[in-house]
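Start counting the sequence shown at 1; every next residue gets the next number (the UniProt record's numbering). Even for Gly, the Cβ is constructed at its ideal location relative to N, Cα and C. Computed from a prediction, not measured in an experiment: that's the story for all the values here.
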Amino acid sequence: MIDRRKVRNAFHQGAADYDAYAAVQKRVMERMLSLLFAEGVEPARILDVGAGTGALALRLADRYPSAAITCVDLAHGMARQARDNLGRTMERLVAVADAEHLPLRDGVFDLVVSTSTFQWLTTLDRAFAEARRVLADDGLFAFALFGDGTFRELKASYRAALHSVPRGGRDRTHRFFTRDEVRTALARAGFRSVEVFDEDEVEYHPDVPAFLRSVKRIGAGNASPVPGRGLSGRRVMEAMMRTYAESFGGADGIPATYTVVYGVGKR
């Protein structure tokens, strides 16, 4: 389970710093744009779900200058940042909304896009069903989410620490969707011409605390509803950081791997 209030509040607070720290998310956005352009679509109406600061919408506006673009995000801070970045002419197209409950009419959009958002859901079914609902016939749904394999170094180090610290507590690491789960969810939602694949993105940080700070600065902290355990929790974190550095550290610092699942489907 994922505590959506934690997700909303964390990204609300991280909105101002997001663009400065979201290096991998920017690379994912560029990869998504290349996939869209390869599809050869020319949409008149676009919806960006989990639009964040509006970076993807800005690029889409450059590529499709005559398209009407609507942006929605769960976090008020992100929506406000997107309005500022997009400018007054697009301000009316930015709204605070939940991907699982879009306040939009059926069959409105030719293209629904999303990057680095759906990993914050407990299941994909509602969000995928909503994306299909608001698409027009033959409309395209294209997205990227962080999938199983993401933060593999952190997870391995954390689980090793849990076993090494007496009464270390429950595993609080985030569970990411597998590629097969994404493909199956698309099929359940009724999409056709489905394509799903994954790629790894790796970034390096000077040390583990620097990595954890960068994740927190963009709002992507732990959204587990399981509470921490005080002193034993701190001991687990200390053990995790030692294990991470010893097991994975090198001349370039410590690696953090993101497994990105890309998906495309038509209504």
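Please report how far the alpha carbon of residue i lies from the alpha carbon of residue j, in whole angstroms.
i	j	result
Phe146	Gly50	13 Å
Asp62	Ser157	43 Å
Leu86	Leu124	28 Å
Asp84	Leu56	14 Å
Thr150	Asp137	34 Å
Val69	Pro166	The sequence as given places Ile at residue 69; Val does not occur at that position. Taking the straight line joining both Cα atoms gives about 53 Å.
Lys6	Gly250	33 Å
Val226	Leu93	Unreliable placement is indicated for Val226, whose pLDDT of 41 sits below 50; the coordinate value is still reported in the next sentence. Looking at the two C-alpha atoms, the distance is approximately 36 Å.
Thr122	Phe177	9 Å
Glu91	Tyr262	Residue placement at Glu91 is flagged as unreliable, the pLDDT there being 43, under the threshold of 50; a coordinate-derived value is accordingly withheld.
Arg31	Glu130	24 Å
Val212	Leu36	The sequence as given places Leu at residue 212; Val does not occur at that position. Between Leu212 and Leu36, the C-alpha separation is close to 32 Å.
Val28	Ala220	15 Å
Taking the alpha-carbon of residue i as reference, which of the options has the nearest alpha-carbon?
i	options	result
Asn9	Phe197, Glu201 and Trp120	Trp120
Asp252	Arg152, Ala75 and Asp207	Asp207
Ala144	Arg242, Leu102, Val264 and Asp3	Val264
Asp48	Phe151, Ser114 and Glu30	Ser114
Ala187	Arg235, Phe151 and Phe128	Phe128
Val202	Leu154, Glu195, Gly190 and Val236	Leu154
Ser116	Leu35, Pro166, Val24 and Asp137	Val24
Val182	Arg126, Phe211 and Thr173	Arg126
Asp98	Asp110, Leu74, Val112 and Leu104	Leu74
Thr102	Arg5, Val72, Arg179 and Phe211	It should be pointed out that residue 102 corresponds to Leu in this sequence rather than to Thr. Residue Val72 is the option with its Cα nearest to Leu102.
Ala79	Thr53, Thr178, Tyr21 and Tyr64	Thr53
Asp19	Ser214, Val112 and Leu135	Ser214
Asp148	Arg179, Leu135, Leu162 and Glu195	Arg179
Arg234	Glu39, Lys216 and Leu162	Leu162
Glu195	Glu39, Ser247 and Leu212	Glu39
Ser247	Ser193, Arg152, Val28 and Arg192	Arg152
Are residue i and residue j closer than 8 Å when you measure CB to CB?
i	j	result
Ile254	Asp17	no
Pro43	Ala82	no
Arg132	Phe141	yes
Gly77	Phe11	yes
Arg267	Gly139	yes
Ala239	Ser164	yes
His174	Ala256	no
residue 275	Asp171	Absent from the model: residue 275. The displayed extent of the chain is 1 to 267, so no value can be given.
Ile46	Tyr64	yes
Who are the near neighbours of residue i in its chain, counting only those whose CB is closer than 7 Å to its CB and skipping five residues on each side?
i	result
Ala160	Thr243
Gly190	Arg132
Gly230	Unreliable positioning characterises Gly230 in this predicted model, as indicated by a pLDDT of 48, which lies under 50. A coordinate reading is not provided.
Ala245	Asp207, Val208 and Ile254
For the putative contact between residue i and residue j, defined by C-beta atoms under 8 Å, what is the C-beta separation to the nearest angstrom?
i	j	result
Val236	Asp198	Actually they are not in contact, since the Cβ atoms of Val236 and Asp198 sit about 29 Å apart, beyond 8 Å.
Return the chain-ordered list of same chain residues with a C-beta closer than 6 Å to the C-beta of residue i, the five sequence neighbours on each side being excluded.
i	result
Ser34	none
Ala223	Caution is warranted here: a pLDDT of 41 is assigned to Ala223, below 50, making its placement in the model unreliable, and no coordinate value can be reported.
Ordered along the chain, which non-local residues of its own chain (more than five positions away) have a Cβ less than 8 Å from that of residue i?
i	result
Val41	Asp110, Leu111 and Leu140
Arg105	Val134
Glu100	Leu121, Arg126, Ala127 and Glu130
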